[in-house]
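In the working numbering, the protein residues as written are 925 to 1263.
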């Protein structure tokens, strides 16, 4: 089985065109081969992978849907109404298309994703990956950790589910297991994890005890309601920038955003919907804030499943705006001289 403990994967053909590729780049931003990323760029990568799904498949079509869920023209511009800047121009943002994934070849597909993310990160750019199911958190975070150092990256994880299963249907790889695999490999130790929005009826008490034993910081949706989301995010920022007891601050933050953290009334097009989540407004405000307050070294937006998003494409549109709000926050941070 492929593992983050293996040697770094070999690069692949950068001219590859995905069968699931969108008609145009995200918002019409300039195309850029992943292996020619320039320092400071935000590089959008599609990862049309859903072989780790446990319930409703179809997230392989997520990158295409997210890119196309926009009523504005593909002009490479999105001036923000309140920030007073255009994040696509100021950063700038480019689109490297989709990473090669091969149906039925899970491990090679994950290796390819890791190779692309590592290539972008090692060139001083920020990978922003459009999923795809949440299995891709494993190669995404590992690719960044290979550059910054194992144990040096903090993960802020938005999700209805903890994704810390020991196995999924007897398999080590799947969208319910990536956070455990990252901890076990040493790429991201447990104390570097902050999870926000957990709810529902999984994981079980044994898994929760394992999570606590690893030092994970997990905030349930009940915490967000009772204590307030702003308070929870305050603590999350402090854990990344302060490091916590007996730990140095992380070198950077990786944002792992599962769209099912949002209530399915606002985001129905996802593989494992769980009622009672955040509002879309809360997620947008929070990712912009984190982009502004943290040194974001990478991000992913996962689990958009377009087949369940008809007829209004609400989920894909929200994910599209998550990308824009995160980029806005990063641009605000740079303008303030903190990036």
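We put the CB at the ideal spot given by N, CA and C, even for glycine.
Please decide whether residue 1002 counts as near chain C, where near means a Cβ-Cβ distance under 8 Å.
Of the protein chains in the structure, only one exists, and it is not chain C.
Quick check: residue 1211 and residue 1181, are their CB atoms within less than 8 Å of each other?
Position 287 of the chain shown, counted from the start, is the residue given in the question as residue 1211. Position 257 of the chain shown, counted from the start, is the residue given in the question as residue 1181. The answer is yes: Cβ separation under 8 Å.
Give a yes or no on whether the C-beta atoms belonging to residue 948 and residue 987 are separated by under 8 Å.
Counting from 1 along the chain shown, the entry for residue 948 is found at position 24. Counting from 1 along the chain shown, the entry for residue 987 is found at position 63. Contact flag unset, no.
Report yes if the CB atom of residue 968 is closer than 8 Å to the CB atom of residue 1054, and no otherwise.
As a working mapping, residue 968 is identified with position 44 in the chain shown. As a working mapping, residue 1054 is identified with position 130 in the chain shown. Yes, Cβ-Cβ distance for residue 968 and residue 1054 is below 8 Å.
Residues near residue 1005 in its chain [Cβ-Cβ closer than 6 Å; skip 5 each side]
As a working note, residue 1005 is residue 81 in the chain shown. Result list for residue 1005: empty, nothing under 6 Å.
By the 10 Å Cβ neighbour count, where 16 or more other Cβ atoms means buried, how is residue 1070 classified, buried or exposed?
Looking up residue 1070 in the chain shown gives position 146. Buried, because 16 or more other Cβ atoms sit within 10 Å of the Cβ of residue 1070.
For residue 1118, the three-state DSSP class (helix, strand or coil):
Indexing the chain shown from 1 puts residue 1118 at position 194. Strand at residue 1118.
Roughly how many angstroms lie between the CA atoms of residue 1251 and residue 1138, to the nearest whole one?
Within the chain shown, numbered from 1, the residue matching residue 1251 stands at position 327. Within the chain shown, numbered from 1, the residue matching residue 1138 stands at position 214. About 31 Å.
Taking residue 974 and residue 1067 to be in contact with their CB atoms under 8 Å, please state how far apart those CB atoms are, rounded to whole angstroms.
Start at 1 with the first residue of the chain shown, and residue 974 comes out as number 50. Start at 1 with the first residue of the chain shown, and residue 1067 comes out as number 143. Rounded, the Cβ-Cβ distance is 19 Å, inconsistent with contact.
Looking only at C-alpha atoms, which of 1099, 1260, 1176 sits nearest to residue 1228?
Translated into positions along the chain shown, residue 1228 becomes position 304. The candidate whose alpha carbon is nearest that of residue 1228 is 1099.
Where are the alpha helix (DSSP H) runs, 4 residues long or more, that stay fully inside the stretch 1152-1184, in chain order?
1153-1166
For a quick check, are the C-beta atoms of residue 1116 and residue 1077 less than 8 Å apart?
Indexing the chain shown from 1 puts residue 1116 at position 192. Indexing the chain shown from 1 puts residue 1077 at position 153. Yes, these two residues count as a Cβ contact at 8 Å.
Please name the residue, chosen from 1036, 1014, 1046, 946, that lies closest to residue 960 on a Cα-to-Cα basis.
Position 36 of the chain shown, counted from the first residue, corresponds to residue 960. Checking every option, the nearest Cα to that of residue 960 belongs to 1046.
Buried or exposed by the 16-neighbour rule on C-beta atoms within 10 Å, applied to residue 1194
As a working note, residue 1194 is residue 270 in the chain shown. Buried.
Could you give the uninterrupted runs of the alpha helix (DSSP H) lying entirely in the stretch 1024-1079, keeping only those of 4 residues or more?
1030-1046, 1061-1072
Only counting the same chain, and skipping five residues up and downstream in sequence, which positions put a Cβ closer than 8 Å to that of residue 1026?
On the chain shown, position 102 is the one that residue 1026 refers to. Hits under 8 Å: 1032, 1033.
Note down the Cα distance separating residue 1050 from residue 1189, rounded to an integer number of angstroms.
Walking along the chain shown from the start, residue 1050 turns up at place 126. Walking along the chain shown from the start, residue 1189 turns up at place 265. Distance between the alpha carbons of residue 1050 and residue 1189 is about 31 Å.
Among 956, 1134, 1110, 1016, which one has its Cα closest to the Cα of residue 1040?
Numbered from 1 along the chain shown, position 116 holds the residue referred to as residue 1040. Per the Cα distances, 956.
Hey, residue 1207 and residue 1185: beta-carbon distance below 8 Å or not?
Here residue 1207 is taken as the residue at index 283 of the chain shown, counted from 1. Here residue 1185 is taken as the residue at index 261 of the chain shown, counted from 1. Cβ atoms of residue 1207 and residue 1185: closer than 8 Å.
Can you tell me the Cα-Cα spacing of residue 1231 and residue 1261, whole angstroms?
Start at 1 with the first residue of the chain shown, and residue 1231 comes out as number 307. Start at 1 with the first residue of the chain shown, and residue 1261 comes out as number 337. Rounded to whole angstroms, residue 1231 to residue 1261 spans 42 Å at the Cα level.
Would you say residue 1222 and residue 1064 are within 8 Å of each other, going by their C-beta atoms?
As a working mapping, residue 1222 is identified with position 298 in the chain shown. As a working mapping, residue 1064 is identified with position 140 in the chain shown. For residue 1222 and residue 1064, yes; Cβs fall inside 8 Å.
So residue 1217 and residue 1060 are in contact, right, with Cβ under 8 Å, and what is the actual spacing, rounded?
Residue numbering aside, residue 1217 sits at position 293 when the chain shown is read from its first letter. Residue numbering aside, residue 1060 sits at position 136 when the chain shown is read from its first letter. About 25 Å separates the two Cβ atoms, so there is no contact after all.
Going along the chain, which residues of its own chain have a beta-carbon closer than 6 Å to the beta-carbon of residue 1148, five neighbours each way excluded?
The residue you call residue 1148 lines up with position 224 of the chain shown. Excluding sequence neighbours, residue 1148 sits near 1156.
Check whether residue 1085 and residue 1122 have beta carbons under 8 Å apart
Numbered from 1 along the chain shown, position 161 holds the residue referred to as residue 1085. Numbered from 1 along the chain shown, position 198 holds the residue referred to as residue 1122. Cβ distance < 8 Å, so residue 1085 and residue 1122 count as in contact.
For a quick check, are the C-beta atoms of residue 1017 and residue 953 less than 8 Å apart?
Stepping through the chain shown from its first residue, residue 1017 is reached at position 93. Stepping through the chain shown from its first residue, residue 953 is reached at position 29. Their beta carbons are under 8 Å apart, which means residue 1017 touches residue 953 by this criterion.
Report the option in 1172, 1248, 1214, 1235 whose CA atom is closest to the CA atom of residue 1191.
As a first step, residue 1191 is located in the chain shown; it is residue number 267 there, counting from the start. With distances taken between Cα atoms, residue 1191 lies closest to 1235.
Straight-line gap, residue 1036 to residue 1044 (C-alpha atoms, nearest Å):
Start at 1 with the first residue of the chain shown, and residue 1036 comes out as number 112. Start at 1 with the first residue of the chain shown, and residue 1044 comes out as number 120. So the alpha carbons of these two residues sit roughly 13 Å apart.
From residue 1129 to residue 951, what does the alpha carbon distance come to, in whole angstroms?
Residue numbering aside, residue 1129 sits at position 205 when the chain shown is read from its first letter. Residue numbering aside, residue 951 sits at position 27 when the chain shown is read from its first letter. Those two C-alpha atoms are separated by around 44 Å.
Does the separation of the CB atoms of residue 1022 and residue 981 fall below 8 Å?
For the purposes of this step, residue 1022 is identified with residue 98 of the chain shown, where counting begins at 1. For the purposes of this step, residue 981 is identified with residue 57 of the chain shown, where counting begins at 1. No, the pair does not count as a contact, with Cβ atoms beyond the cut-off.
Leaving aside the five residues before and after residue 1052 along the sequence, list all residues of the same chain whose C-beta is less than 6 Å from its C-beta, in chain order.
Within the chain shown, the letter at position 128 stands for residue 1052. Cβ neighbours of residue 1052 beyond the five flanking positions: 966, 968, 1223.
Using the rule of at least 16 other Cβ atoms within 10 Å of the residue's Cβ for burial, across every protein chain shown, is residue 996 buried or exposed?
Taking the chain shown and counting its residues from 1, the one referred to as residue 996 is at position 72. Exposed, by the Cβ-count rule.
Extent of the continuous beta strand (DSSP E) to which residue 969 belongs
Residue 969 sits at position 45 when you count from the first residue of the chain shown. Its beta strand (DSSP E) spans residues 966-971.
I'd like the ranges of any alpha helix (DSSP H) spanning at least 4 consecutive residues and lying wholly in the stretch 1171-1248.
1204-1217
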